[in-house]
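**Q** Encoded as structure tokens, here's the structure I'll be asking about.
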Amino acid sequence: MNEPEKSVKWQNATILALRFLIGWHLLYEGIYKLFNPEWSSIAFLGESKWIFSGIADWIASNAGVLNAVDFLNTWGLIAIGLGLVLGLFTKAAAISGTVLLMLYYLFNPPFIGMNTVVPLEGNYLLVNKNLIEAVTLLLIAVSPAVKLYSLDALIFNNKQKN
Amino acid sequence: MSSENDEKKASGENTHGEKKSGIGRRNMLKALAGVPVLGLFGVQVLRKFSYDDRHNVRRQIINELGLNDLLDSVKPVTPSNGDVIRIGIAGFGMRGPQLANALGFMEKKQFDNAVKNGSLDSQIKYGNFNAAITGICDVFDQHAENGLATAGHDIFTGGEIAQKHPVKRYSHYHDMIADPDIDAIIVATPDHHHAQMSIDAIKAGKHVYCEKAVIHREDEIEPLYEAVKNSGLVFQMGHQIPQNAVFQQAKELIRRGMLGDISHIETTTNRNTPHGAWIRHVDNQGNTKPGDEKSIDWKQWLGNAPEVPFSIRRFYNWARYFDYDTGLFGQLFSHEYDAINQLLDIGIPETVVATGGQYYYNDFGQIPDVLHTNFEYPERGLTLTYSANLTSSKTRPRTIYGKEASMTVGGHLTMTPDGNSERYADLLKRGLVDPSRPMIEIMKGSSLESAIDAVSSATTQYYAARGLTSTSIDGREWDVTHLHLKEWLDCIRNGGTPSANIDKAYDEAVTLAMADISYREQCRTRWDPVNRKILRK
Chain A
1 MNEPEKSVKW QNATILALRF LIGWHLLYEG IYKLFNPEWS SIAFLGESKW
51 IFSGIADWIA SNAGVLNAVD FLNTWGLIAI GLGLVLGLFT KAAAISGTVL
101 LMLYYLFNPP FIGMNTVVPL EGNYLLVNKN LIEAVTLLLI AVSPAVKLYS
151 LDALIFNNKQ KN
Chain B
1 MSSENDEKKA SGENTHGEKK SGIGRRNMLK ALAGVPVLGL FGVQVLRKFS
51 YDDRHNVRRQ IINELGLNDL LDSVKPVTPS NGDVIRIGIA GFGMRGPQLA
101 NALGFMEKKQ FDNAVKNGSL DSQIKYGNFN AAITGICDVF DQHAENGLAT
151 AGHDIFTGGE IAQKHPVKRY SHYHDMIADP DIDAIIVATP DHHHAQMSID
201 AIKAGKHVYC EKAVIHREDE IEPLYEAVKN SGLVFQMGHQ IPQNAVFQQA
251 KELIRRGMLG DISHIETTTN RNTPHGAWIR HVDNQGNTKP GDEKSIDWKQ
301 WLGNAPEVPF SIRRFYNWAR YFDYDTGLFG QLFSHEYDAI NQLLDIGIPE
351 TVVATGGQYY YNDFGQIPDV LHTNFEYPER GLTLTYSANL TSSKTRPRTI
401 YGKEASMTVG GHLTMTPDGN SERYADLLKR GLVDPSRPMI EIMKGSSLES
451 AIDAVSSATT QYYAARGLTS TSIDGREWDV THLHLKEWLD CIRNGGTPSA
501 NIDKAYDEAV TLAMADISYR EQCRTRWDPV NRKILRK
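Set out below in structure tokens:
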């Protein structure tokens, strides 16, 4: 194996590792919410700053909308997590994950002067882990390695055959 | 050869020329690489759930205290249906507009602004209860005009109710209460009119929602009580604090004896602004607010109060003058007292002693800036104290002290075990609860599971607040004033007695009068329950 091939192999392995890790994280976020009936996005929405704070207030103040948002969020996380771990509709899962994480980011951006009441586990200036995770998912989505080690390969290969 | 093999691989054949279904085994295994990861995930999730279950301190406390059903004590908010109730509002200064908003009415311009800046949702988050404001009475033209504009625009139907039920201005409240097109009256004037207006309205057959304090002088108590008691009409005092959902839970915790014997209840006022001390005749820019003898019917405003020349200070700052108000007692202690009376049904104290003085805001008016009052209930074995400060806003929560635990209750509730408690001795010993922090903390809208916060952090303390203006029931935000008005209207439609009813009003009126007399006449007052009289000694 020559150097460029080796490099590609390592890149692919890293992309795969990222896919598993982020998938694992989002899947557990979804599972946690599913099994904690106490959980609601109301606290997160209540903290919302910047351009989406109006929408956040609106969601939080409408029980029906809030329930729908909670439901979509929980099952969205589970679906994206499963998609990434198993490699099922991987590209769609990665892009959906990017969108979802960007929403989290934009609802509570770590901009100057937009401090949250609840102390976070780290310290952020403009960049936080949601943003990094979102961009990483985008990297997975656009990488050719997105097809590797995935159920997609099995399904779409068969489709081509039939 | 190698290139031939590659082609075979790609086409799903093995190198021996045998055709396999689908893709090669190697590719199949590669495609299933996520399955073991998912398996590992599942195992770890199960381990985590099992661990959490064994270490769930909150649930242990809930179980040990038998509080599983505590949340059931909060009644859901039911819709209000029925015929339109036509309401006349007497007094449209500061509280009048707030009550109109809570009824679902907002002046068009204010409404449009609220829609534009998105604040409408945070102001009005509740359902229509089919009320119409059809009468406005205020002695000041500007206030009355604002009242007409507000009543002329209802929020829920976009003005439909208001159009069907036109609003009328009355120059004297007698005319408003005599109008057969009005079903109910809200009294939101300065305090010296409350009792007389309520009595007159009740006698005219109108239901009454009367702002606190319902009386100004002791000789108003019996006539008000008699008038309402014999009328069969619905009377509600304007105390919205106990509409906070946590009051239902607080009542349930007390009923179950979780606090043990209660011998001390502490209520307070903590303010530190001129506005908070009812100095309100100047606006934010320091200019004197509008109003003169031409635009204000001064004679009607004075009512039965001693005749004095027109005074803009008296007009806006009436709460500072004993001619029109009992000051801290009527304005703020009344809320505190009602909160406690709703929870504990303490009734009228045996004796009251009040001391204090006007040490800071001493330009005009008579009310004290610092005031301490003890209300003794020997039969109940407890003292209620009211400590008021208009020169420091350091928060002191409304606190009920029991032998086993203490409770603070306002917009949210905390219950903290006493370090020497016998009831919680075992929990204390096992370290499950700690006297330095609440063992139960029910936030606005929180569920019980998250409320039992044995590992409470400084963050939760942040949310500590006193009498909030909104509460959360069934995951929805409710303005407590709206709920309080709703209770009144529901009783008018369906019968029943509201929470701040005339019996509670009687207890409160006597208690306030005892405190007010004690302060002003510098004596201890005693209640004579047989002759229903306040004695001085």
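Chains as they are written, first to last, in my numbering: chain A, 1 to 162; chain B, 1 to 537. Positions of the beta carbon are idealized from the N, C-alpha and C atoms, including for glycine.
If B:G411 and B:P397 are in contact, beta carbons under 8 angstroms, what's the gap, nearest whole angstrom?
**A** Incorrect: roughly 10 angstroms between the Cβ atoms, too far for contact.
**Q** What's the C-alpha gap between B:H193 and B:G303?
**A** 7 angstroms
**Q** Would you list, in chain order, the members of the region 83-108 of chain A that have their beta-carbon closer than 7 angstroms to a beta-carbon of chain B?
**A** V85, L86 and G87
**Q** For A:L151, decide whether its Cβ has a neighbour in chain B, counting only Cβ atoms nearer than 7 angstroms.
**A** yes
**Q** Determine which residues share a DSSP beta bridge with B:I182 and list them.
**A** Listed as beta-bridge partners of B:I182 by DSSP are no residues whatsoever.
**Q** Taking all protein chains shown into account, do 16 or more other C-beta atoms lie within 10 angstroms of the C-beta of B:H207, making it buried, or fewer, making it exposed?
**A** Burial call: buried.
**Q** The beta strand (DSSP E) with B:T416 in it runs from where to where?
**A** L413 to P417
**Q** From B:W478, B:V43 and B:R536, pick the residue whose C-alpha is nearest to that of B:P242; which is it?
**A** B:W478
**Q** Mapping the DSSP letters down to three states, classify A:L125 as helix, strand or coil.
**A** strand
**Q** Please decide whether A:I132 counts as near chain B, where near means a Cβ-Cβ distance under 7 angstroms.
**A** Residue contact with chain B for A:I132: absent (no Cβ-Cβ distance below 7 angstroms to any residue of chain B).
**Q** Closest by CA to B:K212, which one among B:S198, B:Q60 and B:Q331?
**A** Nearest to B:K212 by alpha-carbon distance, out of B:S198, B:Q60 and B:Q331, is B:Q331.
**Q** CA-CA distance, B:M415 and B:F247?
**A** 13 angstroms
**Q** Residue range of the alpha helix (DSSP H) that B:V510 falls in?
**A** If you look at B:V510, you'll find it in the alpha helix (DSSP H) that goes I502 to E521.
**Q** Can you pull the chain A residues whose beta carbon is under 7 angstroms from the beta carbon of B:L38, in chain order?
**A** Going along chain A in sequence order, the residues near B:L38 (Cβ under 7 angstroms) are V85 and L86.
**Q** In the structure shown, what three-state DSSP assignment does B:L382 receive?
**A** When DSSP states are grouped into helix, strand and coil, B:L382 belongs to the strand group.
**Q** Against B:V35, what residues of chain A qualify as contacts under a CB-to-CB distance less than 8 angstroms, listed in chain order?
**A** Around B:V35, the beta-carbon contacts reaching into chain A at under 8 angstroms are L86.
**Q** Decide if B:S295 is buried, meaning its Cβ has at least 16 other Cβ atoms within 10 Å, or exposed.
**A** exposed
**Q** Shorter than 7 angstroms from the beta carbon of B:V45 to some beta carbon of chain A?
**A** yes
**Q** When DSSP labels each residue in this structure, what does A:E29 get in the three-state scheme?
**A** helix
**Q** Distance cutoff 7 angstroms, beta carbons only. Does B:F41 sit that close to anything in chain A?
**A** Closer than 7 angstroms: yes.
**Q** So which of A:I51, A:I95, A:A79 and A:L101 has the shortest CA-CA distance to A:M114?
**A** Of the candidates A:I51, A:I95, A:A79 and A:L101, A:I51 places its Cα closest to the Cα of A:M114.
**Q** I'd like the list of long-range same chain contacts for B:G347, defined as Cβ closer than 6 angstroms, with 5 residues on each side in sequence excluded.
**A** D507
**Q** Closer than 7 angstroms by beta-carbon distance: list the chain B residues that pair up with A:I31, in chain order.
**A** V45
**Q** Per DSSP, what are the beta-bridge partners of B:Q236 in this structure?
**A** B:Y209
**Q** Less than 7 angstroms between C-beta atoms, sequence neighbours within five positions excluded: which residues of the same chain meet that for B:Y359?
**A** D369 and V370
**Q** Please specify which runs of the alpha helix (DSSP H), each continuous and at least 4 residues long, are wholly inside the region 33-119 of chain A, giving them in chain order.
**A** 42-46, 53-61, 63-86 and 90-107
**Q** Which of helix, strand or coil does DSSP assign to B:L535?
**A** Assigned with DSSP and collapsed to three states, B:L535 falls in strand.
**Q** Pull up the DSSP beta-bridge partners for B:D191, would you.
**A** B:D191 pairs with nothing; no bridge assigned.
**Q** From the DSSP output, in three-state form, read off B:H372 for me.
**A** In the three-state scheme derived from DSSP, where H, G and I count as helix and E and B as strand, B:H372 is classed as strand.
**Q** Within its chain, find whatever has a CB closer than 6 angstroms to the CB of A:D152; leave out the 5 residues flanking it on each side and keep chain order.
**A** G87 and T90
**Q** On the three-state DSSP scale, how would you describe B:I262?
**A** strand
**Q** Could you check how far apart the C-beta atoms of B:L384 and B:T267 are, in whole angstroms? I think they sit under 8 angstroms.
**A** 7 angstroms
**Q** Does the Cβ of A:P4 have 16 or more other Cβ atoms within 10 Å, making it buried, or fewer, making it exposed?
**A** exposed
**Q** Taking 8 angstroms as the cut-off, does the region 77-86 of chain B touch the region 127-134 of chain B (at least 3 CB pairs, one atom from each stretch)?
**A** yes
**Q** So what does DSSP say about A:Y149, is it helix, strand or coil?
**A** coil
**Q** B:T269 by DSSP, collapsed to three states: which one?
**A** strand
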